[in-house]
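Below is one structure; the comments refer to it alone.
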Amino acid sequence: MRQSQAAVLERYRVLEGDFATEPYETGWATEARWFVQVLRASSPAVRVVLTTQVSPDGLHWCDAEYPPQVCEGEGMISWPVREFGQWLRIRGSVEGDEGSVKVQIYLTLKE
Amino acid sequence: MGYSNETPLAGSLRRAMLDADPALSRYNPLSRILVFDQFNSGTHGWTELIGNHDGEGNLDTVDDHMRDFRPPQLSSCTFFDVGTHGAMTGTYALKVATRPLAGHTAVAIRRLTMAKKGLVQFETYFTYKAEAASEENGAARKAGAGDWDGNIHPSEQQFGAFTVATDICDDRGVRYHCVARYQNTDLQNRFTRRWMYPVVPEPTPREHLEGKAKLAATDDFTAPNPDDWRYFGEPQSFCYNEVPTKVNWHYLRWQLDTERQRNVELQVNDRVYDMRDVPVPAYAERYDSLDNLLNFYVSTRTHTDVRNFLFLDSVLISVDW
């Protein structure tokens, strides 16, 4: 049986402008999948641009080799990542109309 | 750790069998091991604590101070200076990590029930750290950071407190919390290094719904008023080991008596604190849906805008029933 874990990194959190999720340790896992659920957008034109970041130490970060993901308006998007090393997080920005979004962000991990 | 109905020979045999297992020989369990969680093999039921929500599943109805206790992490104890430190047992420990926000608390909980009243014992090997400084987190310039004197590291005063606690409810709906908190620094980031306990029960979601309590996001959920805490025992220093990137594991053994609704004693390395006279206030109201509740939680609380971490190598919970 392979180990797995789902973590709620943001829960009903309102985001605006630039943000980053809290560092999360993933060294034990082989594969991961992000789920970003936009529960409410301040307007349909608001977009959230999400970039996966990796880190060797939880302190210093760079973008992973994955294209940024874009969520327009409300709904949920998901993308897989692999070969991510010790830590994962999302660097993101809320764009359009100086708007805001309320989100739930999950990181799911599997051995 | 004898067992009340045990003959001396049976006790010696039981101890000998524990000693034959390298993983168990470092523990002192009561007669029945309820759980033995080695985090090198997963989270073993330790999960994020969250407040209650309404019938629609609307998490906006979760109390503000109970909706961001952070998911526990399986940590290889990896640091910027040496890479992977590893745990006491294998590579991974359970890490409970706060946000870098003064007053933020992270909480992991283990949910069980009681098959009988009696002695219950929680044991763990733990360590705690404040996050090392980086340009991005700016920890070196945050409250609590002082000068480096080559021995005491500035980050040590940026670790606030960690807590071991329970949520217990008997079969008549009488609910109470046994709590032991190690306060490393006070709210002004000065070393106190004292053990403490609250003299009031933790505010609950029901009390909020009934208009009796409303806490802000970073209020201390265990007991929000600092005046409701009392020190016990003399100050105790630990092996922080000078920098935020060296991990030394400490032994903790905490025994409770669910028949008497009291703490018994707390052992942390070479100190044993008699907690029999520590008051454990029960809620005035009775609780339904919690029959024989036996929850353990661990938390860490930062007193400055720096992440605080509590690491557990393993946990053993045992009972005398």
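Those protein sequence lines, which keep their order, are chains W and R.
Be aware that the first sequence starts at 1, since it is given in my numbering, and climbs by one per residue.
Be aware that the second sequence starts at 1001, since it is given in my numbering, and climbs by one per residue.
Ideal Cβ placement from N, Cα and C applies to all residues, glycine included.
In this text, all values refer to a predicted model and were calculated from it rather than measured experimentally.
- In the three-state reduction of the DSSP assignment, Pro1198 (chain R) falls in the strand class, which pools E and B.
- Within the same chain, and ignoring the five residues on either side of Arg1067 (chain R) in sequence, the residues whose Cβ sits closer than 7 Å to its Cβ are Ile1050, Gly1051, Leu1059.
- A straight line joining the alpha-carbon of Leu1009 (chain R) with that of Arg1015 (chain R) spans about 10 Å.
- Counting along the chain, Asp1313 (chain R) sits inside the beta strand (DSSP E) bounded by residues 1308 to 1319.
- His1250 (chain R) is bridged by DSSP to R:Phe1126.
- Secondary structure in the stretch 1148 to 1215 of chain R: the alpha helix (DSSP H) runs of 4 residues or longer, each lying completely within the stretch, are 1205 to 1209 in chain order.
- Nearest Cα to Pro1205 (chain R) within the set R:Tyr1197, R:Lys1214, R:Leu1290: R:Lys1214.
- In the structure shown, the three-state DSSP call for Asp57 (chain W) is coil.
- A buried status is given to Trp1254 (chain R), since no fewer than 16 other beta-carbon atoms sit within 10 Å of its beta-carbon.
- Under the DSSP assignment, Gly1011 (chain R) falls in the alpha helix (DSSP H) whose first and last residues are 1008 to 1019.
- Straight across, the Cα-Cα distance linking Ala1145 (chain R) with Leu9 (chain W) is about 28 Å.
- In the three-state reduction of the DSSP assignment, Asn1292 (chain R) falls in the coil class.
- The continuous beta strand (DSSP E) containing Ile1109 (chain R) extends over residues 1105 to 1113.
- Nearest to Thr1163 (chain R) by alpha-carbon distance, out of R:Thr1124, R:Ala1093, R:Gly1086, is R:Thr1124.
- Under the 8 Å Cβ criterion, the stretch 1189 to 1203 of chain R does not count as touching the stretch 1069 to 1087 of chain R, having fewer than three qualifying pairs.
- A straight-line Cα-Cα distance of about 27 Å links Val1107 (chain R) and Asp1277 (chain R).
- Cβ-Cβ distances below 6 Å link Glu74 (chain W) to Val38, Ala41 in the same chain, with the five nearest sequence neighbours on each side left out; the list follows chain order.
- Among the CB atoms of chain R, one or more fall inside 8 Å of the CB of Leu59 (chain W).
- Against chain R, the CB of Trp28 (chain W) has a partner CB under 8 Å away; the residue lies at that interface.
- Of the residues assessed, Trp1148 (chain R) falls on the exposed side of the cut-off, its CB having fewer than 16 other CB atoms within 10 angstroms.
- Going by C-alpha positions, Leu1074 (chain R) is about 7 Å away from Gly1042 (chain R).
- Looking at the DSSP output, Tyr106 (chain W) bridges to W:Val8, W:Phe35.
- Relative to Gly92 (chain W), the option among W:Ser4, W:Phe19, W:Val70 whose CA is nearest is W:Phe19.
- Annotated three-state conformation of Ser1041 (chain R) is helix, per DSSP.
- Within the DSSP bridge table, the entry for Ala1097 (chain R) names R:Phe1309 as partners.
- The Cβ atoms of Glu22 (chain W) and Val94 (chain W) lie no closer than 8 Å to each other.
- In this structure, the beta-carbon distance from Ser1318 (chain R) to Pro1071 (chain R) does not fall below 8 Å.
- Interface annotation for the stretch 10 to 39 of chain W against chain R: Arg11, Tyr12, Glu22, Tyr24, Glu25, Gly27, Trp28, criterion Cβ-Cβ distance under 7 Å.
- For a Cβ distance threshold of 8 Å, residue set Glu1048, Pro1071 of chain R lies close to Val8 (chain W), ordered along the chain.
- Per the DSSP secondary-structure output, Ala1284 (chain R) pairs with nothing in a beta bridge.
- Under the DSSP definition of a beta bridge, Arg1301 (chain R) partners with R:Thr1105, R:Ala1161.
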